[in-house]
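Peer 1: Let me begin by handing over the structure; questions about it come next.
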Amino acid sequence: MTISVRATGTYLSGTANLTPAIPAGATSGDMMLCVYGTKPYSDAPTINNGWTSLGSATDGTVAAGVDSGSMQTRIFYKEHTGTESDPTVTNTTNNSSTALIIVFQRTEAGWAAMVGAGGGDNTAGAAFSVTMGSDVGHTAGDMVVGGAAFRSDAAVPTNGNGMTIAGTTLGAYVWPAAHASTSGGDMGMTIGHIPVNSGTSTGAPVFSCNLAAAHTGSAFFARLREVASFVFNNTLPLMGAG
0 MTISVRATGT YLSGTANLTP AIPAGATSGD MMLCVYGTKP YSDAPTINNG
50 WTSLGSATDG TVAAGVDSGS MQTRIFYKEH TGTESDPTVT NTTNNSSTAL
100 IIVFQRTEAG WAAMVGAGGG DNTAGAAFSV TMGSDVGHTA GDMVVGGAAF
150 RSDAAVPTNG NGMTIAGTTL GAYVWPAAHA STSGGDMGMT IGHIPVNSGT
200 STGAPVFSCN LAAAHTGSAF FARLREVASF VFNNTLPLMG AG
């Protein structure tokens, strides 16, 4: 089983609703992930066109301001139907937000149920590190995808981006690029993905990176997994059944 990137979109930032573009090349059966960072931490963004929120994480309860405020990182997802329009994320109390869509392709029959976890680093420092809130279960063939949102446009990763998951051997962590937004109260963001090459997880993933300036933020990651066959209505078809 092999999961790989089909296409990567471009960062979109603003202080109002965002409509990130589904990258060209996405097709039926692909899994689309919209990684979204925003402040204030307490907002409840919604999305249209049949997308689903996997969950979110924050790094505290600090009110939004210029180069300050706790960050919310969230992932929305949807399996491509073959005909898609770009989704709009509606955020009613938006101070500053950034989004990007990454599309993944599979080689097996379908996708397993999506699961994810996140956490925050509320200690301002150039060494950013987040231990996800739980071990959602990772094994060989999985792809781990997500991002981190930082409270300032000065807080962009420089190097040291990566993830560790106890009990597994991981491939290279790939990130399209860091992004700095001067919209509203400013923010930074990084998004990436890493394959699980072998092993089975025995602890929650840890994401870490070095920042250009000391700041706080949050991270949220999703686990993608293929399945070789479908099970309908929780029952398997009988052999020889007509």
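Position one of the sequence shown corresponds to residue 0 (numbering that gives the first Met the number 0), numbered consecutively onward. Don't be surprised by glycine CBs; every beta carbon is placed ideally from N, CA and C. Since this is a predicted model, take the numbers as computed values, not measurements.
1) Give me the residue from G198, I193 and S151 with the minimum Cα distance to H178.
2) Around the C-beta of A15, are 16 or more other C-beta atoms found within 10 angstroms, so that it is buried, or is it exposed?
3) When the Cα atoms are used, what is the spatial distance from A165 to V205?
4) For A112, count the other beta carbons within 10 Å of its own beta carbon; 16 or more makes it buried, fewer makes it exposed. Which is it?
5) Per the contact definition of three or more C-beta pairs closer than 8 Å, is the segment 78 to 92 in contact with the segment 138 to 145?
6) For a quick check, are the C-beta atoms of S69 and D58 less than 8 Å apart?
7) Taking only three categories from DSSP, how would you classify H178?
8) State the start and end residues of the unbroken beta strand (DSSP E) segment that holds N196.
9) Can you tell which of T91, I46, T82 and P86 has its C-alpha closest to the C-alpha of G28?
10) Nearest to A211 by alpha carbon, out of T181, A153 and I74?
11) Mind the definition here: the segment 125 to 132 touches the segment 97 to 109 only if three or more C-beta pairs lie below 8 Å; say whether that holds.
12) Going by C-alpha to C-alpha distance, which of A221, T168, P86 and V114 sits closest to S197?
13) Just to confirm, is the Cβ distance from T89 to M188 under 8 Å?
14) Considering only residues of the segment 103 to 136, which uninterrupted beta strand (DSSP E) runs meet the minimum length of 3 residues and lie entirely inside it, listed in chain order?
15) Taking the CB atoms as reference points, tell me whether G216 and A148 lie closer together than 8 Å.
16) Output the distance between the C-alpha atoms of S12 and S180, rounded to the nearest integer angstrom.
17) Is P22 near I100, with beta carbons less than 8 Å apart?
18) If you follow the beta strand (DSSP E) that I242 is in, where does it begin and where does it stop?
19) Please determine, among L17, V4, T26 and T51, the residue with the shortest C-alpha to C-alpha distance to G36.
20) Exposed or buried, L223, counting other C-beta atoms within 10 Å across all chains shown (16 or more means buried)?
21) To the nearest angstrom, report how far apart G146 and A171 are at their CA atoms.
Peer 2: By the coordinates alone:
1) Within the sequence shown, the letter at position 179 stands for residue 178. Among G198, I193 and S151, the Cα nearest to that of H178 belongs to S151.
2) Within the sequence shown, residue 15 is the residue found at index 16, counting from 1. It is exposed - the Cβ of A15 has fewer than 16 other Cβ atoms within 10 Å.
3) As a position in the sequence shown, residue 165 is number 166, starting the count at 1. As a position in the sequence shown, residue 205 is number 206, starting the count at 1. Going by C-alpha positions, A165 is about 9 Å away from V205.
4) The residue you call residue 112 lines up with position 113 of the sequence shown. That one is exposed.
5) Counting Cβ pairs under 8 Å, fewer than three are found: no touch.
6) Counted from its first residue, the sequence shown places residue 69 at position 70. Counted from its first residue, the sequence shown places residue 58 at position 59. Yes, the Cβ-Cβ distance between S69 and D58 is below 8 Å.
7) Taking the sequence shown and counting its residues from 1, one reaches residue 178 at position 179. The answer is strand: DSSP assigns H178 an E or B state.
8) Here residue 196 refers to the residue found at position 197 of the sequence shown. M186 to G198 is the span of the beta strand (DSSP E), which, as asked, contains N196.
9) Position 29 of the sequence shown, counting from 1, holds the residue named residue 28. Per the Cα distances, T82.
10) Reading the sequence shown from its first residue, position 212 is the one you call residue 211. Looking only at T181, A153 and I74, the smallest Cα-Cα distance to A211 is reached by A153.
11) Contact fails: fewer than three Cβ-Cβ distances are below 8 Å.
12) To locate residue 197, count along the sequence shown from 1; it is residue 198. If we check each option's Cα against that of S197, T168 comes out closest.
13) Here residue 89 is taken as the residue at index 90 of the sequence shown, counted from 1. Here residue 188 is taken as the residue at index 189 of the sequence shown, counted from 1. No, these two residues do not count as a Cβ contact at 8 Å.
14) Here the runs fully enclosed are 114 to 130.
15) Position 217 of the sequence shown holds residue 216. Position 149 of the sequence shown holds residue 148. Here G216 is near A148, since their CB atoms are less than 8 Å apart.
16) The count along the sequence shown starts at 1 and reaches residue 12 at position 13. The count along the sequence shown starts at 1 and reaches residue 180 at position 181. Those two C-alpha atoms are separated by around 6 Å.
17) The residue labelled residue 22 in the question sits at position 23 within the sequence shown. The residue labelled residue 100 in the question sits at position 101 within the sequence shown. Using a Cβ distance threshold of 8 Å, P22 and I100 count as a contacting pair.
18) There is simply no residue 242 to check, as the chain begins at 0 and stops at 241 in what is shown.
19) By 1-based counting over the sequence shown, the position of residue 36 is 37. Measuring from the Cα of G36, the nearest candidate turns out to be L17.
20) Counting from 1 along the sequence shown, the entry for residue 223 is found at position 224. Buried is the call here.
21) Sequence index remark: in the sequence shown, residue 146 carries index 147 (1-based). Sequence index remark: in the sequence shown, residue 171 carries index 172 (1-based). Looking at the two C-alpha atoms, the distance is approximately 15 Å.
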